[in-house]
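Be aware that the sequence shown starts at 1, since it is given in the numbering used here, and climbs by one per residue.
Virtual Cβ for every residue (Gly too), placed ideally from N, Cα, C.
Computed from a predicted model, the values in this text were never measured in an experiment.
Inspection log for the structure reproduced underneath, given as structure tokens.
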Amino acid sequence: MYEHKFVRIELASFNKPKQDYHDVIAEHEKDGWELVQIFAPGTKSYGMSAFFEVIMKRSL
């Protein structure tokens, strides 16, 4: 059984993350979280993303 966590990374212009997602992942890994996927839904104009969602899991 797992618990999941969804961390939103907002994007600035030209799909550049406002914060370094590498650092976000590394910090969560220290608490036992494992990266599952980075999801970028097309929610802005022309199908561009407004954010990334970092999906993580860890055992209960």
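Nearest in C-alpha terms to Lys16, of all of Lys57, Ala50, Ser59 and Met1, is Ala50.
At the C-beta level, Val7 and Val24 come within 8 Å of one another. Remark: C-beta atoms of Met56 and His4 approach each other more closely than 8 Å. DSSP, reduced to helix, strand and coil, places Ser59 within a strand of the structure shown.
An exposed status is given to Phe39, since fewer than 16 other beta-carbon atoms sit within 10 Å of its beta-carbon.
Beta bridge pairing from DSSP links Pro41 with no other residue.
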